[in-house]
Structure formats: structure tokens, C-alpha cells
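Comments concern the structure below.
Protein chains: 2
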Amino acid sequence: MELNEALQQLETLQKKMYAYNTALSSLYLDSVTTAPGDTAEGRGVAMGILAGESQKLMTDPSVGNLLEFLSAHSQELTFSQKRQTEELKRDYDQLTRIPADEYMEYTMLTNEASDVWHKAKETDDFELFRPVLEKLVEFNKKFAGYYDSTKKPYDALLNEYERGTDMEYLDRFFGTVREKLVPLIHAVGQAPQIDDSFLHRHYPIEAQKKFSDYLMEVLGLDRNHCTIGETEHPFTLEFNNQDVRITTNYMENNVTSSMYSVIHEGGHAKYELGIRDDLQYTRLAGGVSMGVHESQSRFYENLIGRSRPFIEAIFPKMQEFFPEQLSDVTAEQMYRAVNRVEPSLIRTEADELTYCLHVMIRYEIEKQLIGGTLAVKDIPAVWNRLYEEYLGVKVPNDREGCLQDSHWSGGSFGYFPSYALGSAYGAQMLRNMEQDMDVWGPVSRGDLTGISAWLKEKIHQYGSLLEPADVIKNACGEFDPTVYTDYLTDKYTELYLKR
Amino acid sequence: MELNEALQQLETLQKKMYAYNTALSSLYLDSVTTAPGDTAEGRGVAMGILAGESQKLMTDPSVGNLLEFLSAHSQELTFSQKRQTEELKRDYDQLTRIPADEYMEYTMLTNEASDVWHKAKETDDFELFRPVLEKLVEFNKKFAGYYDSTKKPYDALLNEYERGTDMEYLDRFFGTVREKLVPLIHAVGQAPQIDDSFLHRHYPIEAQKKFSDYLMEVLGLDRNHCTIGETEHPFTLEFNNQDVRITTNYMENNVTSSMYSVIHEGGHAKYELGIRDDLQYTRLAGGVSMGVHESQSRFYENLIGRSRPFIEAIFPKMQEFFPEQLSDVTAEQMYRAVNRVEPSLIRTEADELTYCLHVMIRYEIEKQLIGGTLAVKDIPAVWNRLYEEYLGVKVPNDREGCLQDSHWSGGSFGYFPSYALGSAYGAQMLRNMEQDMDVWGPVSRGDLTGISAWLKEKIHQYGSLLEPADVIKNACGEFDPTVYTDYLTDKYTELYLKR
Numbered sequence: 001m002e003l004n005e006a007l008q009q010l011e012t013l014q015k016k017m018y019a020y021n022t023a024l025s026s027l028y029l030d031s032v033t034t035a036p037g038d039t040a041e042g043r044g045v046a047m048g049i050l051a052g053e054s055q056k057l058m059t060d061p062s063v064g065n066l067l068e069f070l071s072a073h074s075q076e077l078t079f080s081q082k083r084q085t086e087e088l089k090r091d092y093d094q095l096t097r098i099p100a101d102e103y104m105e106y107t108m109l110t111n112e113a114s115d116v117w118h119k120a121k122e123t124d125d126f127e128l129f130r131p132v133l134e135k136l137v138e139f140n141k142k143f144a145g146y147y148d149s150t151k152k153p154y155d156a157l158l159n160e161y162e163r164g165t166d167m168e169y170l171d172r173f174f175g176t177v178r179e180k181l182v183p184l185i186h187a188v189g190q191a192p193q194i195d196d197s198f199l200h201r202h203y204p205i206e207a208q209k210k211f212s213d214y215l216m217e218v219l220g221l222d223r224n225h226c227t228i229g230e231t232e233h234p235f236t237l238e239f240n241n242q243d244v245r246i247t248t249n250y251m252e253n254n255v256t257s258s259m260y261s262v263i264h265e266g267g268h269a270k271y272e273l274g275i276r277d278d279l280q281y282t283r284l285a286g287g288v289s290m291g292v293h294e295s296q297s298r299f300y301e302n303l304i305g306r307s308r309p310f311i312e313a314i315f316p317k318m319q320e321f322f323p324e325q326l327s328d329v330t331a332e333q334m335y336r337a338v339n340r341v342e343p344s345l346i347r348t349e350a351d352e353l354t355y356c357l358h359v360m361i362r363y364e365i366e367k368q369l370i371g372g373t374l375a376v377k378d379i380p381a382v383w384n385r386l387y388e389e390y391l392g393v394k395v396p397n398d399r400e401g402c403l404q405d406s407h408w409s410g411g412s413f414g415y416f417p418s419y420a421l422g423s424a425y426g427a428q429m430l431r432n433m434e435q436d437m438d439v440w441g442p443v444s445r446g447d448l449t450g451i452s453a454w455l456k457e458k459i460h461q462y463g464s465l466l467e468p469a470d471v472i473k474n475a476c477g478e479f480d481p482t483v484y485t486d487y488l489t490d491k492y493t494e495l496y497l498k499r
Numbered sequence: 500m501e502l503n504e505a506l507q508q509l510e511t512l513q514k515k516m517y518a519y520n521t522a523l524s525s526l527y528l529d530s531v532t533t534a535p536g537d538t539a540e541g542r543g544v545a546m547g548i549l550a551g552e553s554q555k556l557m558t559d560p561s562v563g564n565l566l567e568f569l570s571a572h573s574q575e576l577t578f579s580q581k582r583q584t585e586e587l588k589r590d591y592d593q594l595t596r597i598p599a600d601e602y603m604e605y606t607m608l609t610n611e612a613s614d615v616w617h618k619a620k621e622t623d624d625f626e627l628f629r630p631v632l633e634k635l636v637e638f639n640k641k642f643a644g645y646y647d648s649t650k651k652p653y654d655a656l657l658n659e660y661e662r663g664t665d666m667e668y669l670d671r672f673f674g675t676v677r678e679k680l681v682p683l684i685h686a687v688g689q690a691p692q693i694d695d696s697f698l699h700r701h702y703p704i705e706a707q708k709k710f711s712d713y714l715m716e717v718l719g720l721d722r723n724h725c726t727i728g729e730t731e732h733p734f735t736l737e738f739n740n741q742d743v744r745i746t747t748n749y750m751e752n753n754v755t756s757s758m759y760s761v762i763h764e765g766g767h768a769k770y771e772l773g774i775r776d777d778l779q780y781t782r783l784a785g786g787v788s789m790g791v792h793e794s795q796s797r798f799y800e801n802l803i804g805r806s807r808p809f810i811e812a813i814f815p816k817m818q819e820f821f822p823e824q825l826s827d828v829t830a831e832q833m834y835r836a837v838n839r840v841e842p843s844l845i846r847t848e849a850d851e852l853t854y855c856l857h858v859m860i861r862y863e864i865e866k867q868l869i870g871g872t873l874a875v876k877d878i879p880a881v882w883n884r885l886y887e888e889y890l891g892v893k894v895p896n897d898r899e900g901c902l903q904d905s906h907w908s909g910g911s912f913g914y915f916p917s918y919a920l921g922s923a924y925g926a927q928m929l930r931n932m933e934q935d936m937d938v939w940g941p942v943s944r945g946d947l948t949g950i951s952a953w954l955k956e957k958i959h960q961y962g963s964l965l966e967p968a969d970v971i972k973n974a975c976g977e978f979d980p981t982v983y984t985d986y987l988t989d990k991y992t993e994l995y996l997k998r
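The listed protein sequences correspond, in order, to chains A and B. Residue 199 in my numbering sits at position 199 of the first sequence; the count goes up by one each step and never skips. Basically my numbering = 1-based index in the second sequence + 499.
Structure (C-alpha cells):
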């Protein structure tokens, strides 16, 4: 084979993968936005086949040969071509270890599981979901062996979502979190509570939609390349660096619910929209890991969006959108209200301080589930016990307990920890950013362009061109969980414990 | 090859085609509903690749061999398998007969033509479009030979859109139409005009949306299998017999625009939703032809939706949705208003009576164009002359004249006649239905279930299992255009010429 020919094949292969991914994303987007209710079956058939074709393409022996050839000529490749080859080779090795029929069966299972989970959650019926969840756990245990048989199963799964992490890394992280934050949360719980009642006045959806438009503008999101839609669970879906969709969910009696969804998903969107053009339609054209992705969304949501300078900057505009609701409120009251801490049942509604503990509970359960020391049937009991132990809340039912998240129904085990890691990485990015530039002056004027530029330069542009660990080192330095716990301790001590 | 193995391959092939079609439909749907503005490029890359993969799949020599093998064993096949083989073989033969380089060149030409046509229409500049249109005509003449070299070129093209039709069939049809309807339209034009001014009062979109929901219910469209969305140009898009989407377009000052879009597209949707389960994911799982599809949409839109009993049935509900707008209107006034005849320039806005003549004009022009007796440069003059002759309207410019439709720019010559045939088939279906059951009693009570059942039994269930001609014979008997012209003559004589 000639090198030129091989590079041509490399490009074609990646473009085809892009096309299949685009098709699957489009069908997924449709399914959660506009598709009629009883249509999962036909869509499942199509998605199963497309996923199968995509897998067949990636597992064809000719691809193996191509990647071998390119690896052997790595000195003659550009850095980008070399990294494309590396990542594809990793995919190839992993996928060729999963038998095609198991992969197809699994795709159909997750499609079914999503429906069953929805029904189970709606009717608060864990038993309905249990058999499907058991199958999903078994599949994932088996797949873990395909991913990396030298690792413990849960380590192999963790590595899928956040390459380079394992139980040792996370035990250290969550150990620090447990040690520093559980007492802090306890102390905060004893302090006088912040009043946020004005956030729960009646905020008409139409006005909230206009407020979303304003927030998109503040975030610097170009509406010609990023739409905002509505789904039950907000998410970001990227087609390419010119086409990203975010969604939010409006609640009439909660103005911050959608507000922080928009800022959070906006952070994800900025990452994808900031990736370099020359990486498009290649394996490197996407955020590098879940953890780094969450670092971006949570950076905007919490470190900026819940900062005093940001609230002071946007509050006059908020009063314009909601004149009646906010006429008797000050910016400082708003700042305190959006940072109210209240141990609660639902992860996605948790405040900045307790959020991490919701994740820790899921981490501990997954670790045991995949490790084989916890049976699916026992999840509800363990879940409820841990919520009481760490957060001091009693779980009244599984709907608000272990059935609340969609992740497991989608076959994602090992995904949750990346949420918490993202927050920790974000705190370190902020400290580094503060070394490089004046962060808070512009933010207090509602100007996020400097932040955007810093994040684009250090993180976004690279997509997956660099390894996750290199991106993190680039933007954070060495990982040090105490930077994160110190940040939270300072912030919430000032808010709750110094008066 | 074993027969069982071949049948397995047949199923797999068709399921893959279904998956590619589903993906392309989903991306198309997204592009006209929710995609951000500047995102065509990335989507185009994906769609081009998916369409290419789908074509590669269907033109693979192994498919040719498979279909040969199955054709040779046709006595051992079920009727459905036999028909699947026949239809796929027709697709295969056609796709493989066009030389790849010509097909590529043609694809690029139609891409370009679409842009050029948009610009030409916008700027009312036929000369801009002329050279491209000339090339399109030449290509189609040549392709006609690939399709069926034993037929005259235009007959071969007509056969692509409505198998079994040819110029002889259509000359007879349009001859009757010309003879019977041109004088009728002339007479109607001399009669006092119907007042429809109340249709153009202010009808708020929100109330119109609720009215759409009501119409969907009357049509018996299950919202769990059929959603209604909004697009500039209404359409129906079918994924499978459990998942169909229709769209409409609301105009604040025209309540019937969306009303009849919903009923028209609803008719298309009912067809697709009524197709048998055992045909799903095969080549036969879709409406059999453009003409039969239009017969269904126009049946609901005109024959039922513009009938006196239907209007009388729904009018009290209409008054509930639009109390202010319709308080001074009677059901009879509404019936007359929705049947107002007004010869006009634009086909898509034409009334039931004159619509057919818009199509006839296009038929006569295409016949001569492909037959070689009319040069592209002379289209505007002929177009304008025929509009004056048949409809009595002067065409002020090509934008509202021969540049109005997108069909030719997409390379579709021979498509238009199916619109008119659909109306004619519908009239014959109605007469046959009236023989079999009480049509108008239930309709006058807003009950369309009997009609649905009849159409499902005679037409919908078969999808493409039967040849179009057999479906039509099944539902209409022998084709007799005078049934259609008599229906129109009776209806519009009563409305306009008897007082």
C-alpha cells in the first residue's frame, strides 16, 4: 500500500463513521424531541442496523490492516494523522473484541431499556426495571472484559468514560471529598438558611424563553450554529463544530432550573463549537472525555454562573425579563439564593456543594454492582441508606431514588464519576486562568469573551487531538482534589458560616 | 445458494435499505424543522455518504445475483416475496443501467439546478435557469432510454412516477378534462362570486393549533403514531407504519390554509399508517405510487373535507374554536366559502375545480419538451398562452409562471400528472364506496371510521404489494375520467350555476 492511498482510506473511513454517527444522533434527537410516543420499535430496528453497519465498518479486517500500516509509518504522519490512527486503533482493538451479534443485541436492549425505565420511573416500579437492568449489568461486566481484560471490570468501564482514571484515582478523589465536604455540609445545615422563596414565584415560560435567548447571547453562542430546544432532561448534542443543539426544561415556579440548564449545556456547546476545523469529520472532532466535557459545563454553570460578579452583571437584565417577580430583590439576595445549599433527593437538582455526594453514592453502588458484590435487587436499599448517611435525607420512593437517572437504562456504568471530576478540574482551571488574566473584572461587566478565549485556547480547539490527561495537565496542572474542596469550603463558609 | 439463505439475504438487504432511508428521512426532517441556519454543509457531507452507501448496497453485483436467483425460483416464493423480488429487480436494473459517470454528473447537475432555480425564481429570470433546464431535459431524454428503450421517452418517464400510465392514457384523461371542465370553469367565472371574506379574518395561531388537534382526531390519526409539526411547505414523512409525521403551515389571516393542509397530509398519513405489518421493513412497505398517494390525500381534502355533510358536522366545533370570527357565519356559508372557485396563477394555491388544469398545462409542456417538439427557450410563451386559454388568467411574470414549481429543477419530468390522476381516482373510489356503504350519514355526524376502514381494506393495507394498476382497479374499477368530471360538474353547477 502507498502511504497516500492509506491516508485517503483513513479519511474515507472517518467520514463514513461521521455519517453513521450523524444519522444515529439525528434519530436520537428526534426520539426525545418530536417523535410520537409509540414509535420506538421501528426506530430501534433502524438504529440497530446503522449501529451494526458502523461497527462492521470499524471492525473490518481491512481497517485493522490499514491502521497497522499507518502505525508502522507513524514517523511520516502529521501529529493529527498519528493521533487519528492511535484513537481509531484503540476503537478497532476494543470493538473487534465485542462479537457483532452481542453488540447488535445490546443496542436493541438499550433501546428497549429506555422505554421500560421511563415506565418504571413513571409508575415508581423498580421491579419492572429490574430484569432489564440485570441484563444491562451483565452485558457491561462482559464488555468490560472486551475493553481491557487486564483491568478489573469497573476500572475498564471507568477508563471508557475517563481514560486514565480507575478506582484508585477515584477513591483518592472521593476520599478527599468525603473528608472535607461531609463535615462542611453538616455545618452548613446547622446555619441559618438562605431565603430563595422569590425564585419560586410564578415565572411565565414565554419570559423564561426570552431569558434563555439572552443567556445564549451572554455565553456567546451563535444561534446559526446552536439551537435551544425543550426536552424533559436537558442535554447537548453535537453534529459537528458548526452544528450543536442544546435543550432545557422550563418550570413555571422555578426560574433557576432552566437558567442553569442553559448555562450548563451552553458550556458543553462552547466546547464542541470551539474545536478546530481541520479536525472535523475525523475521530478527533469531539470533546476528549466526559470529565473534560463536564469541566466545561460546570465551569460556566457554577464557577462563573454562580459567582457574585456574574450575578451582579446579569441581575439588572433579569429584572427586566421578570419585573414583577424581582422588583423587591437585590443582586446580593439573588447571589445568595442561587447558592442556597439543601441536601436533597435528586442529583440533577442538587446544589453546587452537595452535588458531588450524589455522584459519590452512584460511584459506590456501581463499584459494587460491577464488582459483583451487590445484586441489582438490592440497589434500592443501598441507595436509600447512603442518601441518609451522606446527605441526611430519607428517600421516600424509587422514583425519586434509584430510578431517577437515565444513565443505567442507556447502558452507562462508570459515567457518573466524570460529573464530579469535571467540577474538580474546573476549580483548578479557574485558579490557573486567574494567574493568566483578569477573570472577574470582565465577568462583572457580563463579558465572557476572555474566558471563552482562554478555554478555547487551552482546551476546546484540541478536540480529541490531545489525550485527556494532557488536556487536563494543560489547563489544570497536576490533579489536586483539595483545590476543589478548598474552593467550596471558602465559598460556602463565606455564604453560610461567617455573618 | 440455498433458497432459505437467499430469502435471509433478501430480508437483510431490505432492512438495510430501510435503515438508510430512515436515517436520510430523519436528517431531512431535522433540516426543515429544528436545525440551526448555517448547518447545511456538515449535514450535506453525512447525507451524501449515507445516500452513496445505500446506492452502493443496491447496485452491488451480489444483489443482482441474488435477485436473479430468486426470480428463477419464483414458484417457490410467497406472493409477497415474489413482489419484493420484482420491485427490487426493477430498482436494480434501473440503477445499474445508468452509467456511473452519467449518474454522478446528473447528481451534480440537479444539485446546481436547485440553487440556480431558486435564484432564477427569486429574480424572475428565466434566462438564468434556461441553460440548466436544457441540460436537465437532455439528461432525462437519455435516461428515458435507460429506463425503457422500447417506450417513447416521455412514456418511459411517466412510467417511473405512475407505472402503467403513458401518453395515450393521459391524453384520454386530459382530453375529457379539457372538454368538460374548461367550459364549466368559464361558466362559473360568469356567475356571481361566493363570499369567503370571513375566512380571512384574524385567526390566532394558538386556536388554529387546537383546531388541528381536533381535525387529527376526526381523521382518526393516533397521536402516538403521528405527530403534527410546522414547516414552510406542509408535507408527510413516513418512517414506517407506526411512525408518520405530518406538517402544516399556519397563516393568521387564512384559516383554511392550514385546515386543508392538515386534512390533505392526514390523508397521506392514513395511507402509510394503514399498511400491513408483514410488509414492514421491506421494499413493499410504502404507498404504491404518487397517483395513488395523491388519491388518498385529495380524497380526504376535497371529496370528504370540502363536502357539505363534513362541513356541517365540524362547523359547530369550528365555531367553538373561533367564536368571534365565526359567530355571524352559517355552516352553509362555510361550505360555499371553502369551495370558492377562482382561476389563479399558482398551482399549489388552486381550488378543487381549476387545480387539474394547472397540471394539464404542465403535462402538455413536458410532453412536447421530452418529445422534442418544444425548445426550453419557448416554455414561457407556451406557458402563458395556455394559462390564458384554459384558465383565463394573464401571467404577469415567470416567477408566478413557469418558474413556480421546483420539480423540473430536481430533474422530475413526468411527475405532475400523478397529482391530477389522484383526484380522478378519488372520485371513482367515492362512487364505489357509496355502492358498498352509507358514506354520508356517518360523515354528517363527523364519523369517518367507515371511510377509513374501506380505504384501508381496498388500498392502504397493500402498501406496494399490488401493482398500482391493480390497486386502482381494486378500488376504482376501470378508469373512467368522466366520473371525475361529472362529480365536479354536479358539485360546481349546484354551487355556482343554480340559484
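Where is the CB? At the ideal position from N, CA and C, for every residue including glycine. All of these numbers come straight from a predicted model, not from anything done at the bench.
C-alpha distance - residue i paired with residue j, whole-angstrom precision
i, j, result
"VAL743(B)", "ALA768(B)", "6 Å"
"VAL45(A)", "ALA518(B)", "7 Å"
"ALA619(B)", "ARG629(B)", "9 Å"
"MET603(B)", "TYR924(B)", "37 Å"
"ARG43(A)", "LEU29(A)", "12 Å"
"ILE958(B)", "ILE346(A)", "52 Å"
"LYS510(A)", "PRO343(A)", "Absent from the model: residue 510(A). The displayed extent of chain A is 1 to 499, so no value can be given."
"ARG722(B)", "SER711(B)", "12 Å"
is_contact[residue i, chain A] using C-beta, thresh 8 Å
i, result
"ARG782(B)", "no"
"GLU540(B)", "yes"
"SER756(B)", "no"
"ILE704(B)", "no"
"ASN753(B)", "no"
"LEU549(B)", "yes"
"PHE738(B)", "yes"
Residue-level contact to chain B via CB, residue i, 8 Å cutoff
i, result
"TYR18(A)", "yes"
"LEU27(A)", "yes"
"VAL45(A)", "yes"
"HIS225(A)", "yes"
"ASP38(A)", "yes"
"VAL15(A)", "Per the sequence shown, the amino acid found at residue 15(A) is Lys instead of Val. Answer yes: the Cβ-Cβ gap between LYS15(A) and chain B drops below 8 Å somewhere."
"ASN474(A)", "no"
"PHE235(A)", "no"
"LEU181(A)", "no"
"GLU450(A)", "One point to set straight first is that residue 450(A) is Gly, not Glu, in the sequence displayed. No, its Cβ sits nowhere closer than 8 Å to a Cβ of chain B."
Paired residues, beta bridge with residue i - DSSP
i, result
"GLY728(B)", "THR746(B)"
"ASN739(B)", "ASP742(B)"
"ASN254(A)", "MET251(A)"
Whole-Å CB distance - residue i paired with residue j, under 8 Å assumed
i, j, result
"MET17(A)", "MET58(A)", "7 Å"
Report yes or no: do three or more beta-carbon pairs, one from the segment 683-698 of chain B and one from the segment 828-838 of chain B, lie closer than 8 Å? yes
Cβ contact (3+ pairs, closer than 8 Å) linking the segment 576-589 of chain B and the segment 770-789 of chain B: Enough Cβ pairs lie closer than 8 Å, so yes.
Inter-stretch contact at 8 Å, needing at least 3 Cβ pairs: the segment 649-669 of chain B / the segment 783-793 of chain B: yes
Evaluate contact between the segment 862-869 of chain B and the segment 642-661 of chain B, counting only Cβ atoms and requiring at least three cross-stretch pairs below 8 Å. Counting Cβ pairs under 8 Å, three or more are found: they touch.
How about the segment 422-433 of chain A and the segment 467-487 of chain A: do they share at least three Cβ pairs that are nearer than 8 Å? yes
Is there contact between the segment 250-266 of chain A and the segment 376-392 of chain A, where contact requires at least three CB pairs shorter than 8 Å? no
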